[in-house]
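FYI, in the numbering used here the residues of the sequence shown are 3 to 129.
Heads up, the beta-carbon is just placed ideally off N, CA and C, and yes, glycines get one too.
For clarity, every value in this text was computed on a predicted model and none was experimentally measured.
Everything on this sheet refers to the single structure shown next.
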Amino acid sequence: MGRGIDVWGNGQLRLTFTWYEDGAVGESVIPLDERRTKLMTVTVENCMAQDPVGPSLSDREVEVLREWLLSDSKSRVAQNLYISVGTVGTHLSRIREKYADVGRKAPTKCELLVRAIQDRIVTIDEL
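Shown next, in the form of structure tokens:
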């Protein structure tokens with residue numbers, strides 16, 4: 003069984019991330035009325051109790067990753083950090099490669115978010 007965490011809800015739906023021992027990450031969006039029977043979540047502290055091996059990200063990669071996870075688009079990140087959208091994409095590609103190299107693939111934004119939460123790059127409260 004994986005370990006999961008609720009990330010957000012809009013009153014009717016809730017997005018949930020689940021990560022597993024093998025590094026796989028799942029996500030689901032379910033109606034809140036089914037939450038009690040179909041969803042078991044644990045606290046952020048419990049999810050963070052097992053420190054995963056993180057990639058060695060540069061300060062700039064961490065800055066780009068945080069900005070992208072907390073922004074609505076790559077163009078906003080580029081504008082905020084005074085770099086091109088292509089450079090943002092290059093940083094994100096390298097970040098994904100580094101996660102894959104340590105056995106923690108993160109090909110989607112949702113999976114990168116989970117990795118960033120696990121690695122304490124961002125917190126739930128910041129989202």
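{"Item": "Report whether the distance from the Cβ of residue 108 to the nearest heavy atom of the ligand COA is below 8 Å.", "Value": "Questions concerning the ligand COA fall outside what the structure shown contains, since it holds no ligand whatsoever."}
{"Item": "Quick check on this structure: which residue in 112, 78, 101 and 83 has the alpha carbon closest to the alpha carbon of residue 62?", "Value": "83"}
{"Item": "Going by other Cβ atoms of all chains shown within 10 Å of its Cβ, with 16 needed for buried, is residue 97 buried or exposed?", "Value": "buried"}
{"Item": "Run through DSSP, which three-state label would residue 71 get?", "Value": "helix"}
{"Item": "Use the C-beta contact count for residue 123: other C-beta atoms within 10 angstroms, 16 or more gives buried, fewer gives exposed.", "Value": "buried"}
{"Item": "Taking only the alpha-carbon atoms, compute the straight-line gap between residue 111 and residue 103 and give it to the nearest angstrom.", "Value": "17 Å"}
{"Item": "In the DSSP assignment, the alpha helix (DSSP H) including residue 118 goes from what residue to what residue?", "Value": "111-120"}
{"Item": "CB-CB under 7 Å to residue 64, same chain, minus the five flanking residues each way: which ones, in chain order?", "Value": "123"}
{"Item": "Are the beta-carbon atoms belonging to residue 118 and residue 68 less than 9 Å from one another?", "Value": "yes"}
{"Item": "Rank 85, 95 and 72 by C-alpha distance to the C-alpha of residue 125 and give the top, closest one.", "Value": "72"}
{"Item": "My output table needs one value for residue 56: the three-state DSSP class, helix, strand or coil.", "Value": "coil"}
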